[in-house]
Amino acid sequence: MPVRAKRKQKLFVILGLVSLAAIAVGLTLYALRSNINLFFSPVQIAAGDAPLERQIRAGGMVREGTVNRDKESLEVTFIVTDYVDDVEVRYSGILPDLFREGQGVVVVGQLQQGGWLRADQVLARHDENYMPPEVAQALEEAGYSPEDYQAKAAEVGKRLDAQGDATSQN
Amino acid sequence: MQTLMIPEIGHYALIIALLMALVQGVMPLAGAATRRPLWMAYARPMATGQFLFLAIAYACLTASYLLDDFSVANVANNSNSMLPWYYKASAVWGNHEGSVLLWSLILAAWGFAVSRFSRELPRDMLARVMGVMGLVSLGFLAFVLITSNPFERLLPNVPQDGADLNPLLQDFGLIVHPPMLYMGYVGFSVVFAFAIAALLGGRLDAAWTRWARPWTNIAWAFLTVGIALGSWWAYYELGWGGWWFWDPVENASLLPWLAGTALIHSLAVTEKRGAFKSWTVLLAISTFSLSLMGTFLVRSGVLTSVHAFANDPSRGLFILVLLGITVGLSLLLFALRAPRVSHQVGFSWLSRDALLLINNILLVIMTVTVLLGTVYPLLLDALNLGKISVGPPYFNALFVPLTVILCLFMGLGPLSRWKHTPARDLFQRSWHAGLAALVIGAVAPLLYRGEWNLKVSLGVVIALWIVLPMARDLWVKSRHSAGRVAGLRRLSLAYWGMILGHLGIAVTIIGVTVVSNYAIERNVRMGVGDSVEVAGYTFTMTELANRRGPNYLADAAEIEVQRGDSRRSFTMTPEKRLYIARGMPMTQVALRPGLFRDLYVAMGEDLEDGSWAMRIQHKPFVRWLWLGALLMAAGGVLAVADRRYRRTVTARDPERAAAVEPREATA
């Protein structure tokens, strides 16, 4: 192949690459824009920072004694707190194994009129040391020292574990 | 039991291995640069020694686990005396320190294998390859020794018992998934070393590709199996029945796979046509860099998941620096030396060369989109611009259409010839198959479910579009005067490898399409005596019982399952386990696998009034996902067995020999 034809082919390869890359980047940015889930803590939600009826992530600790199961269905409600403000979460389905009162959770869902959140997904920690990092940061931003809520979570967890052991022995 | 010496011997062996890696990284490279055979000769014995001493270190750690030596911090944190012995052995890599040690051991094993099986490599090439592998190994062994020493002791306060292995990891899938994945990740270091050696030596010919290809294929096959095992493990172990979550950790393994897939195709062009040379080198560098990045993401603790063991920021920083040095130096070298290896070869736009170029471009675009979706949230977080997460819709919106486009070209690939294929020939060879694929694809959902479904049709069409032209090609190529069987025998193993690999993609596509569109999930409240019907099966809870396992207590449900009106029924027994040492609950799924459907029953939560929330799923064709991956891996291995990789290099000019090799059948 003559040199000129080779150069021409190279030019086409480069042009093709550039245009394909441009299309890909455009599509990617578009897809990213509509699929980003921002994280909000209860304080931010109470302050009205979070958008209504858009997919968001929210997180905090499950407030002790607030988990309520419907008697007939799999509907469940619970309160997520950062010890400053609370958000009510409603969810239909099966909660993850490691969901427990007094522990950190992240929920993915849409904020409704009236300030409660309809969750599509509830995520709990993978092991007993897991505290979602967003939750930890939100708590720190709300003015709590990490030791405070870690200690509180551990204390609540131990108490609930002790109760659990007592009931399973009965 | 506390042992006096075993962990110390392991630690000592690790230090010796590091020193050997240092020698292996320096002497052969210096020898190749100054043409001193004696220095170059260090490569082989050092690779052997390094492998030997790492094997000793690894064996010592395993022995500490098996002997319950809780004075070793790593054992105390991740094992327990009640753990069955096979989980004790696999717990070695169920934690950060042990898994990095396994990483290093596998790296040394690959190095050892290269030093054994590449005897006919030119001396300076072998020296450079081994030198680069020695340097990589040096980096990782320094990482192990400085930040993640698995042999650290807890003295004098030795715990009575260990904290146990995370119950999610107490499973057969975990025994095999990480070693497979690491074999893949680390295996790409070989082709990386070959690429760097080619840049250093300024020589990249067909013989080079013939040496590099088998190693790449094998690593790719391991990675394929590793990813499939991970997906399979998540499917039955996490209790939701999902098989891919676009979790950053999964993406971390998908990225090198995508780049590696592009690499094995671009290597084909480099071997056959001598084209795409600098591109191949760049892909080899990228693939291994993405493997390193995967290791960084998974091991650094920037991602919170079941894989993130390390919470020590110095470790993340160390890997990041290692990654930066590797990528930076190799790209610098590439920029300086790539013009020396590059070589212009013309080709027509209707040729296998061009189709493989398109394959590479598309795979690279897929890699970049996945990379962006994975790294973007991390970057924003690192720059303090907010916490976001990128959900599966992003990945699906980009990955699925790109896969469809890729598959359209994939159907044509095996039919085309190198250099130039007349459009008429291409059309003649493919139109029957295309038409058949369209017709069958259009009616398949109607026949299967009685209702038309665009997505399912599309999935079936592209799967058939991959398979049917290949079947026709096979039919044509197997024509032989001595009959079909002789014709089939005549085809090269490389060709069979290509057929199997592409067939695997088609099988996986069918699996993904059907299970994504037709899976049924029902979450129900069930007590003893309750029944529920899902997809024509009746599930009846007959009993709730308590059980005791070696290291857990469990609530177990007996579920009787009946298909339609048939008399025969079978029992499924899901469990909700509580692992004693960690007080951690876990769902043990009951599975009834089948080639065309899985039944999946998981216990959700105790609803306190004698009933349980149960998750019952019908998953059609889900096995095809992993079956396809196994076929792909088998294809990759089969291609390596091809005669031409076993042939010793003769004195003739290998590049010309490859270029005039007439058989188009070999991919």
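If you're matching them up, the sequences are chains A and B in order. Numbering-wise (numbering that gives the first Met the number 0), the first sequence opens with residue 0 and increments by one. Numbering-wise (numbering that gives the first Met the number 0), the second sequence opens with residue 0 and increments by one. No residue lacks a Cβ here, since even glycine has one placed at the ideal position from N, Cα and C.
Expressed to the nearest angstrom, what Euclidean distance is found between the alpha-carbon atoms of residue i and residue j?
i	j	result
L289/B	I387/B	23 Å
Y86/B	V175/B	11 Å
G593/B	W243/B	20 Å
G486/B	A435/B	25 Å
P400/B	V107/A	26 Å
D472/B	L414/B	7 Å
Q561/B	T537/B	5 Å
Y184/B	V367/B	18 Å
V17/A	V24/A	10 Å
L181/A	T146/B	The question about residue 181/A has no answer here: the residues shown for chain A are numbered 0 through 169.
R643/B	L332/B	31 Å
G496/B	H617/B	33 Å
V363/B	L262/B	10 Å
V340/B	S285/B	17 Å
H264/B	E520/B	39 Å
G9/B	M583/B	32 Å
A578/B	L237/B	Going by the sequence as given, residue 578/B is Tyr instead of Ala. One C-alpha to the other measures close to 15 Å.
So, helix, strand or coil for residue i, using DSSP?
i	result
S610/B	strand
P6/B	helix
V91/B	coil
A162/B	coil
L296/B	helix
R53/A	coil
L82/B	coil
L37/A	strand
V531/B	strand
E520/B	strand
F111/B	helix
V157/B	coil
F317/B	helix
Which residue marks the beginning of the alpha helix (DSSP H) containing residue i, and which one marks its end?
i	result
L51/B	A42 to L65
I44/A	P41 to A45
F244/B	Note, F244/B: premise wrong, no alpha helix (DSSP H); not H, not E.
R643/B	R642 to R645
A205/B	A205 to E236
Y375/B	R351 to A381
Y494/B	L492 to Y517
G133/B	R122 to T146
F193/B	F171 to G200
L168/B	Note, L168/B: premise wrong, no alpha helix (DSSP H); not H, not E.
V121/A	Unbroken run through V121/A is the beta strand (DSSP E), L116 to A123; no alpha helix (DSSP H).
V74/B	A72 to N77
L37/B	P36 to M39
D94/A	Correcting the residue identity first, residue 94/A is Leu in this sequence and not Asp. It is not in any alpha helix (DSSP H) - L94/A carries neither H nor E in the DSSP assignment.
Hey, is residue i's beta-carbon within less than 8 Å of any beta-carbon in chain A?
i	result
V438/B	no
Y393/B	yes
Y234/B	no
N383/B	no
L100/B	no
M81/B	no
S388/B	yes
M585/B	yes
Y86/B	no
L18/B	no
With a threshold of 8 Å between beta carbons, is residue i in contact with chain B?
i	result
I13/A	no
G142/A	no
A23/A	yes
Q43/A	no
Q109/A	no
A118/A	no
A123/A	no
G92/A	yes
L10/A	no
L51/A	no
Give the range of the beta strand (DSSP E) segment to which residue i is assigned.
i	result
E87/A	D85 to S91
Y536/B	Y536 to R547
Y551/B	Y551 to R562
What runs of the beta strand (DSSP E), each 3 residues or longer, lie entirely inside the segment 564 to 630 of chain B? 568 to 571, 574 to 578, 583 to 587, 589 to 591, 596 to 605 and 610 to 619
Entirely within the segment 387 to 474 of chain B and at least 4 residues each: give me those alpha helix (DSSP H) ranges in chain order. 391 to 411 and 422 to 448
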